[in-house]
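To start, the structure under review is shown below, and the notes come after it.
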Amino acid sequence: MKKKDLILMCIFFYAVYYMRSQDTNLARLEYAYIPQSGSENTYSRIRFSANYPIKTDNKGTYIVISPQYRYNDLQIRDELIFDQGGDLNVFQTIGLELGFTFKMKNNWRFGTKIGVGISSNFEGSKLESDDFRYTGSVFFVKSYKSSITPKTSRLILGLRYSTPASISFPLPIINYFKRFSPSWAYGIGTPKTSIKYFFNEINTIQAFIGLDRFYGNLQNNRTFVDANGTTKTVENASMLNVIGALGYEFYFTEHLLFYTYGGYTLSNEIRLRDKNQDNVLTINNENTFYFRSGIKLKI
């Protein structure tokens, strides 16, 4: 896939991948596994995230504390054109976001979030400035829920900015969800576009297109000379996947559920980059299978 096309898809699918304040999840524990086609390389991840709302008045105003942790295991078994040295495989992400939201007129709600995270392979003796990432976002949410039937709808509009990032401008937040009958619901926008069928209030299936990614700083940069005689410096690693998948959800209770998703990537790229986020070396770019499963606690 051309870089321009990939960026356009990212703008559509990625804008709020970390925007958990718009989500109904209170907590999530999940495992993901992505074997690389035509390669011995693999990517796996253990992820925990949470949203803790603190009510500040009786008018629907909340402060939301959102911690997250990710253990990214990028096993590069294919031979590289430079000596890996140190730990090029394991990247850990630790983040914390602080949100503020309040009700407006006509079923609208305003929200904003700021956050800081650390994403690194931690192979050095201390934290570095390049290990840190900073985020900020603003959004508006309009919700509707019927008191008689399970019909609901939700529109989310806003902007999000992260630095450092491969896309160095604010990304739009656009998402519309609607449960238009007891058996069917759909969502359009970010973080995924989906269609869902409810067998009952315990079992559901869905088909969706979404995004998965990771980014991590290398504390010890790697330098090598490419085939053209140009000296290159590797300073971070990233993965970006656009995914088409099917999913199943089982509700233990109204708020606690198990989910499992499986599918195939529409775009798959694992690459090493320099300090300007330019591509230095592509590790994998063939489409491949995708698996993700976990437990959610929802509102």
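So for the sequence shown, the working numbering puts the first residue at 7; every next one is plus one.
Idealized CB from N, CA, C, for every residue including glycine.
All of these numbers come straight from a predicted model, not from anything done at the bench.
Helix, strand or coil for residue i? Go by DSSP, reduced to three states.
| i | result |
| --- | --- |
| Q28 | Low local confidence applies: a pLDDT of 46 at Q28 is under 50, so the model's placement there is unreliable, and no value is given. |
| V218 | It should be pointed out that residue 218 corresponds to Asp in this sequence rather than to Val. D218 falls in the strand class under three-state DSSP. |
| S326 | Here the chain covers residues 7 to 305 and nothing more, so residue 326 does not appear. |
| T288 | strand |
| A38 | strand |
| Q212 | strand |
| T229 | strand |
| N234 | coil |
| N282 | coil |
List the endpoints of the continuous beta strand (DSSP E) containing residue i.
| i | result |
| --- | --- |
| P178 | 177 to 185 |
| L94 | From DSSP, L94 is part of no beta strand (DSSP E); its letter is neither H nor E. |
| K304 | 295 to 304 |
| T199 | 198 to 204 |
| K238 | 237 to 257 |
| Y274 | According to the sequence shown, residue 274 is Asn rather than Tyr. Per DSSP, N274 belongs to the beta strand (DSSP E) from 262 to 279. |
| G195 | 190 to 195 |
| K148 | 138 to 151 |
| I162 | 158 to 169 |
On the premise that residue j lies in contact with residue i, defined as a C-beta separation below 8 Å, what is that separation, rounded to the nearest angstrom?
| i | j | result |
| --- | --- | --- |
| N293 | I276 | That belief does not hold up - the Cβ atoms of N293 and I276 are roughly 12 Å apart, past 8 Å. |
| G250 | Y37 | So it is not a contact: roughly 20 Å between Cβ atoms. |
| L32 | L263 | With 8 Å as the limit, L32 and L263 do not qualify as a contact, their Cβ atoms being about 12 Å apart. |
Using 8 Å as the threshold, is the segment 231 to 241 in touch with the segment 195 to 203, meaning 3 or more CB pairs across them?
no
The segment 158 to 170 contacting the segment 129 to 144, beta-carbon criterion three pairs below 8 Å:
yes
Contiguous beta strand (DSSP E) assignments of at least 3 residues, all confined to the segment 40 to 127
48 to 56, 58 to 61, 68 to 81, 96 to 109, 114 to 126
Are there three or more Cβ pairs, one per stretch, closer than 8 Å when the segment 142 to 153 is compared with the segment 112 to 129?
yes
Okay, do the segment 158 to 165 and the segment 121 to 132 touch, 3+ Cβ pairs below 8 Å being the bar?
no
Kindly confirm or deny that the segment 266 to 280 and the segment 62 to 69 touch, where touching means at least three C-beta pairs closer than 8 Å.
no
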